[in-house]
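Asker: Right, I'll just put the structure down here and ask away after.
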Amino acid sequence: MTYHYPHFDEAALFDQDGQRKYLCLDEGRRFLRAAAAADNATRILCRLLLFTGCRISEALELTVGRLDIDAHMVIFRTLKRRKRVFRAAPIPDSLMRELQTLAEGKVANDRLWGWCRQTAWRRIKKVMDAAEITGPKACARGLRHQFAVQSLQEKMPLSFTQRLLGHSSPATTVIYQHVVGKDARQLVAGFWRAYGEK
């Protein structure tokens, strides 16, 4: 199925100076390495944001009762919706184990993190600095954008990526198909080869 979006703005993935708003794969890996040196709660939040693409406020609202341990999923309340909507996001087994350590001694309605958004933002920024990631992508939203970009580059169906991100419309998700990434290079490489370039 092909979508046409007359209001599509490719600039949504770049700031006014042409700087990317999303992390590339190498930057994501550096972020994970830097997060490994952070305190336990910060490290787990970093991994949750990277591996699910959730909004920072959705992560901070996550409660013990929304850890679906058997299915290895977390249940986020999707923000930016008029109605109360939840979505399930699969996570790696190691991340589920880490989340369970945060849940120890808490009851179902307790939040895993007791931080405000600004505190979480500062902690993420500190990890970005340690990973030497700068510019507009060096924030929690950069991780969300990276998840979307990487998911589509790995051929994850658009509708599934849309559901994981909690987008109400495919018009929002399709923006991420227009990034310049490895797929774009592969598509253009045939043209370059005709001129002896790689």
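The numbers in the UniProt record's numbering rise by one with no breaks, and the one at position 106 of the sequence shown is 106.
Ideal Cβ placement from N, Cα and C applies to all residues, glycine included.
Put V74 into one of helix, strand or coil per three-state DSSP.
Answerer: As a first step, residue 74 is located in the sequence shown; it is residue number 74 there, counting from the start. In this structure, V74 counts as strand in the three-state DSSP scheme.
Asker: For the segment 61–70 and the segment 120–137, state whether three or more C-beta atom pairs, one from each stretch, are separated by less than 8 Å.
Answerer: The segment 61–70, when compared against the segment 120–137, does not touch it at the 8 Å Cβ threshold.
Asker: List the whole-angstrom C-beta distance separating L112 from L99, where the pair is believed to meet the contact cut-off of C-beta under 8 Å.
Answerer: In the sequence shown, the residue the question calls residue 112 occupies position 112. In the sequence shown, the residue the question calls residue 99 occupies position 99. About 7 Å separates the two Cβ atoms, so the contact holds.
Asker: Quick one: what does DSSP say V149 is sitting in, helix, strand or coil?
Answerer: The count along the sequence shown starts at 1 and reaches residue 149 at position 149. In this structure, V149 counts as helix in the three-state DSSP scheme.
Asker: Identify the continuous beta strand (DSSP E) that holds A88 and give its terminal residues.
Answerer: In the sequence shown, the residue the question calls residue 88 occupies position 88. First-last of the beta strand (DSSP E) with A88: 85–90.
Asker: From what residue to what residue does the alpha helix (DSSP H) around K125 run?
Answerer: Taking the sequence shown and counting its residues from 1, one reaches residue 125 at position 125. That run of the alpha helix (DSSP H) goes 117–130.
Asker: Once DSSP output is grouped into helix, strand and coil, what is the label at R33?
Answerer: Taking the first residue of the sequence shown as 1, we reach residue 33 at position 33. Of the three classes helix, strand and coil, the one that applies to R33 here is helix, per DSSP.
Asker: Which same chain residues end up closer than 6 Å to I175 when comparing Cβ atoms and leaving out the 5 residues on each side of it in sequence?
Answerer: The count along the sequence shown starts at 1 and reaches residue 175 at position 175. Within the same chain, I175 has close Cβ partners A12.
Asker: Since I believe Q146 is in contact with G28 (beta carbons under 8 Å), could you give me their beta-carbon distance rounded to a whole number of angstroms?
Answerer: Position 28 of the sequence shown holds residue 28. Position 146 of the sequence shown holds residue 146. Yes, they are in contact, since the Cβ atoms of G28 and Q146 sit about 5 Å apart, within 8 Å.
Asker: Report back the beta-carbon spacing between S169 and T161 to the nearest angstrom; my notes put them in contact at under 8 Å.
Answerer: Position 169 of the sequence shown, counted from the start, is the residue given in the question as residue 169. Position 161 of the sequence shown, counted from the start, is the residue given in the question as residue 161. That pair is no contact at about 13 Å.
Asker: Going by C-alpha distance, which of L164, A103, G135, A138 is nearest N40?
Answerer: Numbered from 1 along the sequence shown, position 40 holds the residue referred to as residue 40. Comparing Cα positions, the closest option is A103.
Asker: Leaving out five residues before and five after E61 in sequence, what residues of the same chain have Cβ atoms less than 7 Å from its Cβ?
Answerer: By one-based count along the sequence shown, residue 61 stands at place 61. R77, R111.
Asker: Per DSSP, D68 forms a beta bridge with which residues?
Answerer: Looking up residue 68 in the sequence shown gives position 68. Per DSSP, M73.
Asker: With a Cβ-Cβ cutoff of 8 Å, do L164 and G53 count as a contact?
Answerer: Working through the sequence shown from its first residue, we reach residue 164 at position 164. Working through the sequence shown from its first residue, we reach residue 53 at position 53. In this structure, G53 lies closer than 8 Å to L164 by Cβ.
Asker: Sort out for me which residues DSSP pairs T63 with in a bridge.
Answerer: By one-based count along the sequence shown, residue 63 stands at place 63. Answer is R111.
Asker: Where do the ends of the alpha helix (DSSP H) carrying K43 lie?
Answerer: As a first step, residue 43 is located in the sequence shown; it is residue number 43 there, counting from the start. A small correction: the amino acid at residue 43 is Arg; Lys does not occupy that position in the sequence shown. Looking at the DSSP string, the run of the alpha helix (DSSP H) that includes R43 is 40–52.
Asker: Consult DSSP for R82 and reduce its assignment to one of helix, strand or coil.
Answerer: As a first step, residue 82 must be located in the sequence shown, where it is residue number 82. Of the three classes helix, strand and coil, the one that applies to R82 here is coil, per DSSP.
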